[in-house]
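Residue numbers (the working numbering): 143 to 305.
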């Protein structure tokens, strides 16, 4: 399972993150930074190219040995609302999660989905289910590549919000 593939970036308009607790499903195995969904009233890791996402897990559903916590244990989620931005340093354009370099031309303003390939979550412009919009391309430390005063490095990640 991936860990911290997707993280909260900032909340637009000075608000705070919308974080909520949800009961986890039986045998849930998600970790921090993975997309999660509600299924039958309980939280579980999303499957590849999900049609809907509740948010991004802020806590894990398993201990360090990989054993799931008890069914119904509250897991914390940063809810995927349009005012909350997230950052992901895995970007793809083929719908299969194959790594690509994000640029202004292939990323900013583009709708994308979330794909899971080889236990890595990516923001993928070729995904079938378009859940997010890409707002910015950032370098390794989170500086916008479109802002030359920041002296950014190469684009490595994308900042996005759920639509």
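Beta carbons: idealized from backbone N, C-alpha and C, even for Gly.
Every value quoted in this text rests on a predicted model; they were computed, and no experiment measured them.
Sub-7 Å separation of residue 183 and residue 216 beta-carbons: Here the question's residue 183 lines up with position 41 in the chain shown. Here the question's residue 216 lines up with position 74 in the chain shown. No. Outside cutoff.
Distance check for residue 280 and residue 166, CA to CA, integer angstroms please. Against the chain shown, residue 166 aligns to sequence position 24. Against the chain shown, residue 280 aligns to sequence position 138. Cα-Cα distance, rounded: 33 Å.
Cut-off 8 Å between Cβ atoms - residues of its own chain near residue 176, not counting five sequence neighbours on either side: Counted from its first residue, the chain shown places residue 176 at position 34. Apart from sequence neighbours up to five positions away, the residues of its chain that approach residue 176 with a beta-carbon distance below 8 Å are 143, 144, 145, 147, 148, 187, 188, 198, 199 and 263, ordered along the chain.
Beta-carbon gap between residue 195 and residue 299 smaller than 7 Å: Looking up residue 195 in the chain shown gives position 53. Looking up residue 299 in the chain shown gives position 157. Taking 7 Å as the Cβ cut-off, residue 195 and residue 299 do not qualify as a contacting pair.
Using DSSP with H/G/I as helix, E/B as strand and the rest coil, what is residue 291? Taking the chain shown and counting its residues from 1, one reaches residue 291 at position 149. It is helical.
Status (buried if at least 16 other CB within 10 Å, exposed otherwise) for residue 244: Sequence index remark: in the chain shown, residue 244 carries index 102 (1-based). Counting Cβ neighbours within 10 Å, residue 244 comes out buried, since at least 16 surround it.
Terminal residues of the beta strand (DSSP E) in which residue 300 lies: By 1-based counting over the chain shown, the position of residue 300 is 158. Its beta strand (DSSP E) spans residues 299 to 304.
Excluding the 5 residues preceding and the 5 following residue 282 in the sequence, name in chain order all residues of the same chain whose CB lies nearer than 7 Å to its CB. The residue given as residue 282 occupies position 140 in the chain shown. Here the set comprises 295 and 298.
DSSP state of residue 187, grouped into three classes? Mapped onto the chain shown, residue 187 falls at position 45. Correct three-state label for residue 187: strand.
Is the beta carbon of residue 161 closer than 7 Å to that of residue 218? Looking up residue 218 in the chain shown gives position 76. Looking up residue 161 in the chain shown gives position 19. The answer is yes: Cβ separation under 7 Å.
Among 255, 292 and 268, which one has its Cα closest to the Cα of residue 275? By 1-based counting over the chain shown, the position of residue 275 is 133. Residue 255 is the option with its Cα nearest to residue 275.
For residue 304 and residue 265, which I take to be in contact (beta-carbon distance under 8 Å), what is that distance rounded to the nearest angstrom? Start at 1 with the first residue of the chain shown, and residue 304 comes out as number 162. Start at 1 with the first residue of the chain shown, and residue 265 comes out as number 123. At roughly 11 Å, the Cβ-Cβ gap does not stay under 8 Å, so residue 304 and residue 265 are not in contact.
Is DSSP giving residue 268 helix, strand or coil here? Taking the chain shown and counting its residues from 1, one reaches residue 268 at position 126. Three-state result, residue 268: coil.
Please name the residue, chosen from 251, 257 and 227, that lies closest to residue 269 on a Cα-to-Cα basis. In the chain shown, counting from the first residue as 1, residue 269 sits at position 127. The option with the nearest alpha carbon to residue 269 is 257.
Determine the direct distance from the alpha carbon of residue 169 to that of residue 191, and round the result to whole angstroms. Along the chain shown, read from residue 1 onward, the residue named residue 191 stands at position 49. Along the chain shown, read from residue 1 onward, the residue named residue 169 stands at position 27. One C-alpha to the other measures close to 21 Å.
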